[in-house]
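S.K.:
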Amino acid sequence: MNVIISQALASGLPVITTRHSGLPEQVKDGYNGFLVNEGDYLALADKILYLIDHPDMLPKLGENGRSLVAEKYNSEKLIAEQIEVYKSVIDR
20 MNVIISQALA SGLPVITTRH SGLPEQVKDG YNGFLVNEGD YLALADKILY
70 LIDHPDMLPK LGENGRSLVA EKYNSEKLIA EQIEVYKSVI DR
C-alpha cells in the first residue's frame, strides 16, 4: 500500500500513476484514476489532457477513490487483519 496514493484517494483526488508494484491494487484504471506504463510519458500526457477535457469525470473518480480507501484501507480493518496475522503465528 502506497500511503501517498491512499491519502490522495481519501482526499477525493483522482490519481494517475504507473502499473508499478502494488499501485494497480489501489488505482483501478478508469474507476478512481488512471494507470499508465512506466516510462510512457505520452500516455501520461494523454490521461492528464483527458481529465482536463472531461472535468465532469472528476467528482465520480474522486468519490470512487474515497470509497475504495474507506473500504480497504481504514485503520480499524488493518489493525484487525494484523491481529489475525499475529494470532496465526502464535497458534503455529
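The opening residue of the sequence shown carries number 20 in the numbering used here; numbering runs sequentially from there.
Even glycine gets a Cβ: it sits at the ideal position worked out from N, Cα and C.
In the DSSP assignment, what are the bridge partners of Ile35?
M.R.: BP columns for Ile35 point to Phe53.
S.K.: Could you check which residue in Asn56, Asn93, Leu28 and Ala99 has the C-alpha nearest to that of Arg38?
M.R.: Residue Asn56 is the option with its Cα nearest to Arg38.
S.K.: Expressed to the nearest angstrom, what Euclidean distance is found between the alpha-carbon atoms of Ile23 and Ser30?
M.R.: If I take the Cα positions, the gap works out to 11 Å.
S.K.: Just to check, is the beta-carbon of Lys96 closer than 6 Å to a non-hydrogen atom of the ligand NAD?
M.R.: The ligand NAD is absent from the structure shown, which contains no ligands of any kind.
S.K.: Roughly how far, in whole angstroms, is the beta-carbon of Gly81 from the beta-carbon of Pro33, given that I think they are within contact range, below 8 Å?
M.R.: Their Cβ separation, rounded to whole angstroms, is 6 Å, which keeps Gly81 and Pro33 in contact under 8 Å.
S.K.: Given 8 Å as the limit, is there contact between the segment 96–108 and the segment 51–66, that is, 3 or more CB pairs closer than that?
M.R.: Verdict: no, contact absent.
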